[in-house]
Each structure stands twice: as C-alpha cells, then as structure tokens.
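Residues in the sequence shown are numbered consecutively from 34, following our numbering. All C-beta atoms, glycine included, are put in the ideal place defined by N, C-alpha and C. Owing to the predicted nature of the structure, the values given are computational and were not obtained by experimental measurement. Report on the structure given below.
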Amino acid sequence: MEVRRYGPPLREAWDALNRRAVNGHFLFDRGFMDYHADRFTDASLVVLDEGEPVALLPANMVGEEAWSHQGLTFGGLVHEGLGTARAMAALDACAAALAGAGAKALTYKALPWIYPAQPAQEDLYWLFRRDAPLVRRDVTAAIDYRARGRVSSRRSRGARKAEKAGIVFARSQDWPGFWRLLEAVLAERHGAAPVHSLAEIELLAGRFPDEIALHAATQDGVLLAGVVMFASAHVAHAQYIAVGEAGREAGALDGLFEHLIQAHAASHRWFDFGISNTDGGRGLNEGLIRQKEEFGASAVVHDVYRVALG
C-alpha cells in the first residue's frame, strides 16, 4: 500500500471516498475539516492500493505528536470495507508515514461503534496489537430507536407542560439569538464557551444544510431553548444545547428534545445526546447524564488511544 500526504489536488478523491466509506462522516469532509485549517498543521493521509484510494486518516501534527484529529470529535481510519488484514496494513502504512514525518506518537480518537454503517472496529484490534494504551474515555448517552429505554415521568411531565404552554418547536435560522443564549448559559453554568464561533457555525450550516440544523423552542416568538443537531447517516447528534430560565420553568427543553427524538426516528438508528464529562473523561456530570438517560438513552463510550511510533 502507498500513502500520500493530503493536499488540495486530492480533495475530490478524499471527499468521494468519505462519502462511500462504511465509516464516513460529514465531519471528515474537507469542507468541514478545512474551515479551521489555520488552527492546525494538517497531516492527513490518503492510502492507495494499486493506485486507487482505499482509506483516509484525518490527522494533524503538533511538534512530534500526531493526532487523528484534534479539531474533530473523533477520527480514525476511514475506509470502504477493507477487511481486518487490509485495514491493519493501511494503519501500519499510515503509522510508518507519520513516523517518517517526525511523529513519535499518534493520539487516535476512535469512532464510536454506533456511527459506522456496518461493524468497522478493525482499528481497535490494530491498536491492541500495537500495545496502545487507552488514555481517555468519555461517555455519551444515546437512544437506540430499536430498543429505546424507559422515559422518566419527569421528562414526560416537562414535555406535556411545554405542549400545554403552547411552545412551538421548529427548525430556526436565528443563529445569532441562539448563540447569545448558548454563550450565556455555558459561561454561567460551566465557565466555558462554544467550540465554534457564530460566524463558524453559520458557515458550516451553510455548507452542510442537510446535516447541521438549529431547532428552537419559542413562545410568542421568544426563544426559550435551542438544540443544534449534527445529523450523519445513522446518528442524529445533539451538538449544542441551551435553555434559559424561562424555558426551564416551562419545560421547553424537554418538549424540544421529545420533538427531535420523534422527528429523527424514521431516518436514523441512533439519537446521541453527547458526552457528559470533564477532566479528560475522569469526571462525570451525573446530573447531566441522568437527564439524558431519562429520555431513554444509555451509555456509549468515546475512546482515545496513544500509539508509539518510534
């Protein structure tokens, strides 16, 4: 197998392979990855077999450390169904290429198992064979539409309360209004800020209108709560969530989530609420994950490994 460093001339081939891959995702599309190209030294790789692209590794470099990829929620080898032996050969080739570029180690953010179109954990076996230690584990809460867990009476009451209050749930283009709410909530409750700026999320939503959408809960035209959904082929993921004090009192977020869960039931296999961790995965926000589990969700982990390349 041959490995090439990604560059703009390979963009069309990269995006085409990502679209047909068994574990592709719109996060790996160059239209998404390149929006923050100025923040990262890209080290992405394209694996070719007999001259044809068969696998991709989204990656960046920081000094002597390679990552797959720091600007993405997850990463790993993207391929079109290589089988275990060829996937391992592709990863060996990528590891050799990164080592040749000066990397002493690769931090590998594995794709959670709910995202691929079919089982695709060849990389986890490769990591085991390379004696790669697990260095971080986050936990998300996801609903399996084939076997949704029990919805708590508290969440059901909240949704009914919102319905009785006449709250309207719909897709929205009020990105500035939601971003003001999101920034205020994150600053007040978590001392944090959104990963994306308003300009960045508007840019990405324009590039990926079928995948990125803002959904709002409003009452008499006033924004009470909102959720930004990142929808891939099989997973509807809640990327950003915010509700103000008036919305909390009215059950707006409960109603909005139940609306979104029902809205994605016919088109997706999973509804993913996102992680509930701090401190590199060591801290668990028990109240937050319990709230998600009360919608009928259960735990799925996001694993990160570190592979020595020397």
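If you draw a 10 Å sphere on the C-beta of K325, you find 16 or more other C-beta atoms in it, and that means buried. Here the segment 49-57 lies against the segment 111-122, with 3 or more beta-carbon pairs under 8 Å apart. Segment contact: the segment 243-257 against the segment 197-216, three or more CB-CB distances shorter than 8 Å; contact assigned. Less than 8 Å separates the beta-carbon of A192 from that of G284.
Within the same chain, and ignoring the five residues on either side of R188 in sequence, the residues whose Cβ sits closer than 7 Å to its Cβ are D287, E327, F328.
By the C-beta criterion, the segment 307-322 is judged to be in contact with the segment 164-177, since at least 3 inter-stretch pairs fall below 8 Å. Taking the C-beta atoms as reference points, Y148 is found nearer than 8 Å to H267. Assignment of beta strand (DSSP E) within the segment 43-86, counting only whole runs of 3 or more residues, yields 78-82 in chain order.
Of the residues assessed, P41 falls on the exposed side of the cut-off, its CB having fewer than 16 other CB atoms within 10 angstroms. R179 and S185 have their C-alpha atoms spaced approximately 18 Å apart. Under DSSP, L247 takes part in a beta bridge, and its partners are S205, V261.
Counting other Cβ atoms within 10 Å of its Cβ, K142 reaches 16 or more and is therefore classed as buried.
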